[in-house]
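Enquirer: This is the structure I want to talk about, given as structure tokens.
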Amino acid sequence: MKTHRTIAVVFVLGALVVQARAARAEDIRGTIVRTLMLSEDSRLVGDVTCQVTGAPCIAFGAPNIALTLNGFAVTGGNDAATGCKGANVGTETGITTNGQANVGIRGPGIVQRFQGDGILFNATVKGWVQGVTTSTNCMSGIRIGPTSSAISVESNISVRNGAAAAACGGI
Amino acid sequence: MGANNIIEANTAVGNSNGIVVFAQAVNNSIRQNLAIGNPPIQQSNSVPAGGGVDIWDQSPPNNNNTFVGNTCLTAVNAPCPAATSAVPRKPSS
């Protein structure tokens, strides 16, 4: 009897642990008006429109996590046809790693129309971006900052990024 | 670009520059990427006219950044084998 009770307690605890892990991923969709700080594995469940000015749209706030774009788009305020009109705002990044280590962004999905970089690895050690399309960002589609290291940029597509005023571009 | 990074199997088309390796970059590997049409011949409004190339290595030679197997048409301080044209097969082959 005592053994059965112990097993039941173990099962209940195990179920709680599994449930806690399953609930960790954050689902993201809709309009973002302040920088969204990620603290756990997250994914898009719909297109995202960013109305953040002077700051990143999405920033990693913890190490060892990933953002899955899940086939959706993260879109800034630039016009699709006219782009940034030659001016860029370095702080207006689509997604920044924000100094967090071992973080990643997984496609497919698109990051587009930001005044700064589409995706910025900023002061990050170990990171990756894979299968993401970046388009019509005023600085680079994907940029690895000078203090970042051990970053893997693989199988991404960069189209129509950059401005003549800055020495940046696709990657 | 910082240090010890891998840029692999990406496609960069129609940007102001395709792939840029900044002056401070060290020990990076840029391989098997396709960077063509940077800047685009037909300038779009989002990428105004300006000088740009498919691959641009701004770092000094002793920074040990390597370029292997990339496909591009224009480059500065980086190898850029011309993209080969497609050869039509003979009807009998």
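Line by line, the protein sequences give chains A and B.
So the first sequence is numbered by the numbering used here: it starts at 1032 and just counts up by one.
So the second sequence is numbered by the numbering used here: it starts at 17 and just counts up by one.
Where is the CB? At the ideal position from N, CA and C, for every residue including glycine.
List the residues of chain A that Ala-19 of chain B touches, going by C-beta distances under 7 Å, in chain order.
Expert: For this step, residue 19 of chain B is matched to residue 3 along the second sequence. Ordered by position in chain A, the residues that pass the 7 Å Cβ test against Ala-19 of chain B are Ser-1180.
Enquirer: Near Asn-1153 of chain A, what residues of its chain come up, given a Cβ to Cβ distance below 7 Å and the 5 sequence neighbours on each side ignored?
Expert: On the first sequence, position 122 is the one that residue 1153 of chain A refers to. For Asn-1153 of chain A, the CB contacts under 7 Å within the same chain, skipping 5 residues up- and downstream, are Thr-1127, Thr-1128, Asn-1129, Gly-1130, Gly-1176 and Ser-1179 in chain order.
Enquirer: Check Pro-1094 of chain A in the structure and name its three-state DSSP category.
Expert: Counted from its first residue, the first sequence places residue 1094 of chain A at position 63. Here Pro-1094 of chain A sits in coil by DSSP.
Enquirer: Starting from Asn-1153 of chain A, find everything on chain B with Cβ-Cβ shorter than 8 Å and list it in chain order.
Expert: As a working mapping, residue 1153 of chain A is identified with position 122 in the first sequence. Under the 8 Å cutoff, chain B gives no residues; its nearest Cβ is about 10 Å from Asn-1153 of chain A.
Enquirer: Which two residues bound the contiguous beta strand (DSSP E) that contains Arg-1060 of chain A?
Expert: Taking the first sequence and counting its residues from 1, one reaches residue 1060 of chain A at position 29. Its beta strand (DSSP E) spans residues 1057-1063.
Enquirer: Going by C-alpha distance, which of A:Gln-1082, A:Arg-1065, A:Asp-1078 and A:Lys-1157 is nearest Asn-1095 of chain A?
Expert: In the first sequence, residue 1095 of chain A corresponds to position 64, counting from 1. Closest option to Asn-1095 of chain A, Cα to Cα, is A:Lys-1157.
Enquirer: Can you find a C-beta in chain B that's less than 8 Å from the C-beta of Cys-1199 of chain A?
Expert: Counting from 1 along the first sequence, the entry for residue 1199 of chain A is found at position 168. Cβ-Cβ to chain B under 8 Å: yes for Cys-1199 of chain A.
Enquirer: Under a CB-based cut-off of 8 Å, is Ser-108 of chain B close to chain A?
Expert: For the purposes of this step, residue 108 of chain B is taken as the residue at position 92 of the second sequence. Chain A contact via Cβ: absent.
Enquirer: Would you list the residues sitting across from Met-1068 of chain A in a DSSP beta bridge?
Expert: Taking the first sequence and counting its residues from 1, the one referred to as residue 1068 of chain A is at position 37. Answer is A:Ala-1090, bridged to Met-1068 of chain A.
Enquirer: I believe Ile-1063 of chain A touches Leu-1075 of chain A by the beta-carbon criterion, under 8 Å. Please report the beta-carbon distance rounded to the nearest angstrom.
Expert: As a working note, residue 1063 of chain A is residue 32 in the first sequence. As a working note, residue 1075 of chain A is residue 44 in the first sequence. Their Cβ separation, rounded to whole angstroms, is 11 Å, which puts Ile-1063 of chain A and Leu-1075 of chain A out of contact at 8 Å.
Enquirer: If you measure from the beta carbon of Asn-26 of chain B to each beta carbon in chain A, is any gap under 8 Å?
Expert: Numbered from its first residue, the second sequence carries residue 26 of chain B at position 10. By this cut-off, Asn-26 of chain B is an interface position.
Enquirer: Contact criterion: CB-CB distance below 8 Å. Does Glu-1185 of chain A meet it with respect to chain B?
Expert: Counting from one through the first sequence, the residue named residue 1185 of chain A turns up at place 154. Glu-1185 of chain A counts as touching chain B.
Enquirer: In chain A, what lies closer than 8 Å to Asn-54 of chain B by C-beta?
Expert: On the second sequence, position 38 is the one that residue 54 of chain B refers to. Under the 8 Å cutoff, chain A gives Gly-1200 and Gly-1201.
Enquirer: Starting from Val-37 of chain B, trace the beta strand (DSSP E) in both directions and tell me its first and last residue.
Expert: Start at 1 with the first residue of the second sequence, and residue 37 of chain B comes out as number 21. Here the beta strand (DSSP E) through Val-37 of chain B covers 35-37.
Enquirer: Name the residue from A:Arg-1065, A:Trp-1159, A:Ser-1186 and A:Gln-1146 whose alpha carbon lies nearest to the alpha carbon of Asp-1110 of chain A.
Expert: The residue labelled residue 1110 of chain A in the question sits at position 79 within the first sequence. Closest by alpha carbon: A:Gln-1146.
Enquirer: Work out the CA separation of Leu-1069 of chain A and Ala-1093 of chain A for me, nearest whole Å.
Expert: Position 62 of the first sequence, counting from 1, holds the residue named residue 1093 of chain A. Position 38 of the first sequence, counting from 1, holds the residue named residue 1069 of chain A. Rounded to whole angstroms, Ala-1093 of chain A to Leu-1069 of chain A spans 7 Å at the Cα level.
Enquirer: Between Ser-1189 of chain A and chain B, is there a C-beta pair that is closer than 8 Å?
Expert: By one-based count along the first sequence, residue 1189 of chain A stands at place 158. So, interface residue.
Enquirer: Cβ of Asn-44 of chain B within 8 Å of Cβ of Val-36 of chain B?
Expert: What you label residue 44 of chain B is simply residue 28 of the second sequence in a count that begins at 1. What you label residue 36 of chain B is simply residue 20 of the second sequence in a count that begins at 1. No, the pair does not count as a contact, with Cβ atoms beyond the cut-off.
Enquirer: According to a CB-to-CB cut-off of less than 8 Å, which residues of the stretch 74-92 of chain B neighbour chain A?
Expert: Gln-74
Enquirer: Give the interface partners of Gly-1193 of chain A over in chain B, defined as CB-CB distance under 7 Å, in chain order.
Expert: One-based indexing of the first sequence puts residue 1193 of chain A at position 162. Asn-31, Ser-32, Asn-33 and Val-63, listed in chain order.
Enquirer: Please say whether Ser-108 of chain B and Ala-1199 of chain A have beta carbons closer to each other than 8 Å?
Expert: Residue numbering aside, residue 1199 of chain A sits at position 168 when the first sequence is read from its first letter. Residue numbering aside, residue 108 of chain B sits at position 92 when the second sequence is read from its first letter. In the sequence under discussion, the amino acid at residue 1199 of chain A is Cys, which differs from the Ala named in the question. The answer is no: Cβ separation not under 8 Å.
Enquirer: Rounded to the nearest angstrom, how far is the Cβ of Val-1083 of chain A from that of Arg-1065 of chain A, given a contact under 8 Å?
Expert: Within the first sequence, numbered from 1, the residue matching residue 1083 of chain A stands at position 52. Within the first sequence, numbered from 1, the residue matching residue 1065 of chain A stands at position 34. Between Arg-1065 of chain A and Val-1083 of chain A the Cβ distance is about 6 Å, and since that is below 8 Å, they are a contact.
Enquirer: Using a 10 Å radius around the Cβ and a threshold of 16 neighbouring Cβ atoms, would you call Pro-77 of chain B buried or exposed?
Expert: Your numbering for residue 77 of chain B matches position 61 in the second sequence. The residue in question, Pro-77 of chain B, is exposed, as its Cβ has fewer than 16 Cβ neighbours within 10 Å.
Enquirer: When burial is assigned at 16 or more other CB atoms within 10 Å of the CB, is Thr-90 of chain B buried or exposed?
Expert: In the second sequence, the residue the question calls residue 90 of chain B occupies position 74. Answer is buried; the Cβ neighbour count reaches 16.
Enquirer: If you run the structure through DSSP and keep just helix, strand and coil, what is Pro-107 of chain B?
Expert: Translated into the one-based positions of the second sequence, residue 107 of chain B becomes position 91. Correct three-state label for Pro-107 of chain B: coil.
Enquirer: If the criterion is Cβ atoms closer than 8 Å, does the pair Val-1190 of chain A and Ile-1202 of chain A meet it?
Expert: Residue mapping note: residue 1190 of chain A aligns to position 159 of the first sequence, counting from 1. Residue mapping note: residue 1202 of chain A aligns to position 171 of the first sequence, counting from 1. Their beta carbons are not under 8 Å apart, which means Val-1190 of chain A does not touch Ile-1202 of chain A by this criterion.
Enquirer: Pick helix, strand or coil for Pro-55 of chain B, following the three-state DSSP scheme.
Expert: As a working note, residue 55 of chain B is residue 39 in the second sequence. Three-state result, Pro-55 of chain B: coil.
Enquirer: For Ala-94 of chain B, decide whether its Cβ has a neighbour in chain A, counting only Cβ atoms nearer than 8 Å.
Expert: Sequence index remark: in the second sequence, residue 94 of chain B carries index 78 (1-based). So no, Ala-94 of chain B is outside the interface.
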